[in-house]
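Counting in our numbering, the sequence shown runs from 102 upward without gaps.
Ideal placement from N, C-alpha and C gives every residue a C-beta, glycine not left out.
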Amino acid sequence: MSTSSLAWENLTYDLQPWIKEMVKSMGFTSMTPVQAATIPLFCGNKDVVVEAMTGSGKTMAFGIPVLEKVSRYLQQPGSDGVVKKGHMLGIVLAPTRELANQINQVFQGMLQFQPADHVQIRTQLLVGSLASVREDLNTYVSEKPHILIATPGRMLDFLSSNLVRTPSLEILVLDEADKLLDVSFEMDVRAIIRQLPRQRRTGLFSATLSSAGDTIFKTGMTNPVRISVKAQKSGQAMPSSLGISYLVTKPEQKLLNLLVLLNNYHYKKAIVYFPTCTGVTYFYNMIQNLVKNRVLDGEDLKFFSLHGKLQAKPRIKTLNAFTDASASGGKSILMTTDVAARGIDIPDVELVIQMDAPTDPDVFLHRCGRTGRANKVGKAIVLLNEGREEDYLSFMEVRHVEMSETSVDLSQYSEFFERITARVRKWILGDRARHELGVKSFVGFVRYYSKHQASSIFRLQSLDYLGLAKMYGLMRLPKMPESRYVPQELMPEEGWLGEKIDMDAYAYKDVQKEKSRLDTLETEKQRRLEQSAKRKEFKHNNTAWSDKTDTKEGKAVRREKMKRKREAIQKQIMEEPSDDEDQVVDWKDMVRANKKKKSDSGMQGSFDDL
Ligand SMILES: Nc1ncnc2c1ncn2[C@@H]1O[C@H](COP(=O)(O)OP(=O)(O)OP(=O)(O)O)[C@@H](O)[C@H]1O
């Protein structure tokens, strides 16, 4: 499409005058291709299924039709702008609170341009934990919003109230529709759709709709039109303003590579993706300590952390702080998970780094797409562990993503590496809780790794566990089933990764926690002494028939039984729900806890030898 054909005047649908004025006032001199293709159909009588690259302007491509429909409804002759009590006219669903909040802000921005003599269109944001459902209902009744912008869970709760009525609904939008229709949300979304009138327009939007398959047609659409907008550069799935690179690293040097990249690149804002929430917290704390101790320049680099286990308010606050972070005199870096992978539109994000390839190749596109938006230049880099993971390039090439190689000459950073390693060790030794969090993050990463769709590339058998555990700053390789993949000849004694430390003396910084740990340690010590005394007494009392005891077979049977129990516990740990990784992870801790539980309930002894 030529530039002139993208002029707003050439839109093949006659928008309401105030909406035409609005787009001009917002400074959008021309339409984006997806807007030119979608607005006329969706404003008319077509349901649409729209797949267009990240940053291509999909929000306005549905925002304008939603406003057009609502505005027309309110201005129907004779209606006097009145909507029946409890009725709404438009619903927009999005998978995360951040995205719903952002869409609401885009709507607020557009609604500023409403003429004063029109009935004023109002929106309401409905997301979990910002307000209670009751508070949301009170706002709904008093404010009478026309458009609801919501995450599915809260929308469903909201619809169960008889104060909320749907028969007047004109238009429904599912943004990031493939996500809304995958297993995580599908039930809720379907339950919502079942409560909506059939006579409505429906639009599905995403940068990655192809993989959603036929599920998209189960959304009650009638003869939807499919709109697909690709990059001009033939067939590429990503915008041409976005350069995608990969960097092959030794696992042990991954953090070093990240920090050198963040130091050396020129950017105002960067987003770094980690696999898990715990991973974000752990590395954020670690990096803050490097800043505090001047291993990193805190004047130049400002870090933010965001993940789905934070409450809604701090999440939105952090995102706003990152969005508003002044670029003057420094770089801002958001450390996050996939909670910020889709839809988030933050100006000046010029660099995206993925610590690991995501388990789902579609997510790769969404993460990279946080930069290089609306024709602005951006750079996205994925860190790949050396060995097998280079095959990811051909895997993504099939999905129309081309990557170029980038590298960092680490030879000049050996002193920096030593400083980081020494500081991280000191930081971890300063509080036992930090090591525990590190272990949780590491095990969380291993679980994450086991879920890769490209399982022939990302194989648990091929991971360099020792290198990765060192990168996580762990003192010792956690005992977990995957430890068996570490070659015997490489496995350090008892899994110690550096100098051995006395775990019994390794203290929590938190006084209460440390007191409780010492108490437990003392109780266990006493119990062991008592048991040992009992065993001695038992042996003494039974010497007369001791000849029959402890045959070789008996010992072997007991050993086998213990082994089975140990394996069952390990299996249980690894099979715990892994949505995220805030679980007990060192199996020894689990065994200890189990032992304590049993001894407390009078079943002492089952795990005594572990
Ligand atoms: N017509 C236009 N001209 C110039 N910029 C535009 C236009 N329409 C939207 N934009 C800007 O483009 C940016 C990206 O838009 P938007 O967030 O809607 O992308 P998207 O297609 O939804 O991306 P994603 O798939 O990542 O969610 C926004 O900052 C928006 O303000």
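Exercise. If you compare alpha carbons, which of Gln117, Ala278, Gln176 is closest to proline 166?
Worked result: Closest by alpha carbon: Gln117.
For this session: Can you tell me which of the three DSSP states alanine 308 falls into?
Result: Note: alanine 308 maps to coil in three-state DSSP.
Problem set entry | Minimum C-alpha distance to serine 341 - residue among Ala108, Ser269, Gly470 | Comparing Cα-Cα distances from serine 341 to each of Ala108, Ser269, Gly470, the minimum goes to Gly470.
Exercise. Does the beta-carbon of valine 525 have 16 or more other beta-carbons within 10 angstroms, so that it is buried, or is it exposed?
Worked result: It is buried - the Cβ of valine 525 has at least 16 other Cβ atoms within 10 Å.
Problem set entry | Local Cβ density within 10 Å of glycine 314, reported as buried at 16 or more and exposed below that | With fewer than 16 other Cβ atoms within 10 Å, it is exposed.
Exercise. Straight-line CA distance for histidine 625 to threonine 460?
Worked result: It is worth fixing the name first, because residue 625 is glutamate in this sequence and not histidine. About 42 Å.
For this session: Kindly give me the distance between the Cβ atoms of threonine 472 and valine 453, rounded to whole angstroms, as I take these residues to be in contact under 8 Å.
Result: Going by Cβ atoms, the distance from threonine 472 to valine 453 rounds to 5 Å, so yes, they are a contact pair.
For this session: Could you tell me if the beta carbon of proline 474 falls within a distance shorter than 7 Å of some heavy atom in ligand 1?
Result: The question names proline, but residue 474 is arginine in the sequence shown. Arginine 474: yes, Cβ under 7 Å from ligand 1.
Problem set entry | Spatially closest choice to methionine 189 from Gly128, Asn202, Met161, Glu271, by CA coordinates | Closest option to methionine 189, Cα to Cα, is Glu271.
For this session: Reducing DSSP to helix, strand and coil, say where isoleucine 558 ends up.
Result: Reduced to three states, the DSSP call for isoleucine 558 is coil.
For this session: Report the rounded CA-to-CA distance for valine 686 versus glycine 182, giving the unit in angstroms.
Result: Any answer about valine 686 is weak, because its pLDDT of 36 lies below 50 and its placement is not dependable; what the coordinates show is given next. Rounded to the nearest angstrom, the two C-alpha atoms are 59 Å apart.
Exercise. Which runs of the alpha helix (DSSP H), 4 residues or longer, sit entirely within the region 469-508?
Worked result: Within the region 469-508, the complete alpha helix (DSSP H) runs of at least 4 residues are 493-498.
For this session: Pull up the distance between the alpha-carbon of tryptophan 597 and that of aspartate 446, whole angstroms please.
Result: Each residue's alpha carbon lies about 44 Å from the other.
Problem set entry | When Phe259, Thr377, Ala441 are compared against tyrosine 241, the one with the closest alpha-carbon | The candidate whose alpha carbon is nearest that of tyrosine 241 is Phe259.
Exercise. Going by DSSP, what residues sit across from histidine 188 in a beta bridge?
Worked result: The bridge partners DSSP lists for histidine 188 are Arg266.
Problem set entry | Three-state secondary structure assigned by DSSP to tyrosine 550 | It is helical.
Problem set entry | Alpha-carbon spacing of arginine 198 relative to aspartate 289, whole angstroms | Spanning the alpha carbons of arginine 198 and aspartate 289 requires a straight line of approximately 15 Å.
Problem set entry | Among Ala606, Leu257, Gln177, the one whose alpha carbon lies nearest that of glycine 531 | The residue with the shortest Cα to Cα distance from glycine 531 is Ala606.
Exercise. Beta carbon of isoleucine 204, beta carbon of isoleucine 140: below 8 Å?
Worked result: No.
Problem set entry | Contact set for aspartate 463: own chain, Cβ-Cβ below 6 Å, skip 5 residues either direction | Answer for aspartate 463: Thr309, Ser312, listed in chain order.
Exercise. Among Glu490, Ile388, Gly431, which residue has its Cα nearest to the Cα of glutamate 400?
Worked result: Selected option, being the one with the closest Cα: Gly431.
Exercise. Taking 7 Å as the cut-off, does the CB of glutamine 455 come closer than this to any heavy atom belonging to ligand 1?
Worked result: For ligand 1, not one heavy atom lies less than 7 Å from the Cβ of glutamine 455.
Exercise. For the candidate residues Thr130, Pro178, Arg266, whose alpha-carbon lies nearest to that of lysine 186?
Worked result: For the residues Thr130, Pro178, Arg266, the minimum Cα distance to lysine 186 belongs to Arg266.
Problem set entry | Under 8 Å between C-beta atoms of valine 219 and tryptophan 119 | Correcting the residue type first, residue 219 is histidine in the shown sequence and not valine. Against a cut-off of 8 Å, the Cβ pair of tryptophan 119 and histidine 219 comes out as a contact.
Exercise. Is methionine 604 buried or exposed, if buried means 16 or more other CB atoms sit within 10 Å of its CB?
Worked result: Methionine 604 should be labelled exposed.
For this session: Write down the C-beta distance between isoleucine 345 and leucine 273 rounded to the nearest angstrom, noting that I regard them as a contact closer than 8 Å.
Result: So it is not a contact: roughly 34 Å between Cβ atoms.
Exercise. Quick one: what's glycine 344 bridged to in DSSP?
Worked result: According to DSSP, glycine 344 bridges with Lys480.
Exercise. Considering only C-alpha positions, which residue in the set Ser427, Val450, His467 is nearest to arginine 443?
Worked result: Nearest of Ser427, Val450, His467 to arginine 443, Cα basis: His467.
Exercise. Which ranges does the alpha helix (DSSP H) cover as unbroken runs of at least 4 residues, wholly within the region 151-207, from first to last along the chain?
Worked result: Listed in chain order, they are 159-175.
For this session: Round the Cβ separation of glycine 164 and valine 207 to the nearest angstrom and send it over; I've been treating them as touching at under 8 Å.
Result: Their Cβ separation, rounded to whole angstroms, is 6 Å, which keeps glycine 164 and valine 207 in contact under 8 Å.
Exercise. Among residues of its own chain, excluding the 5 on either side of valine 349, which ones have a beta-carbon nearer than 7 Å to its beta-carbon?
Worked result: Take valine 349, set aside five residues on each side of it, and the residues of its chain with a beta-carbon closer than 7 Å to its own are Leu485, Glu487, Glu491, in chain order.
Problem set entry | Strand pairing of arginine 520, partner residues [DSSP] | For arginine 520, which the question treats as bridged, DSSP gives no partner whatsoever.
Exercise. Quick one: what does DSSP say aspartate 439 is sitting in, helix, strand or coil?
Worked result: Looking at aspartate 439 - three-state DSSP - the assignment turns out to be helix.
For this session: Drop a sphere of 10 angstroms on the beta-carbon of glutamate 110, count the other beta-carbons inside from all chains shown, and report buried for 16 or more, exposed for fewer.
Result: Around the beta carbon of glutamate 110, a 10 Å sphere encloses fewer than 16 other beta carbons of the protein chains shown; the residue is thus reported as exposed.
Problem set entry | Straight-line Cα distance separating glutamate 583 from aspartate 449 | Straight-line Cα distance between these residues: approximately 41 Å.
Exercise. Where lysine 355 and methionine 572 are concerned, what is the direct C-alpha to C-alpha distance, given to the nearest angstrom?
Worked result: Across the structure, lysine 355 and methionine 572 are spaced so that their CA atoms are roughly 7 Å apart.
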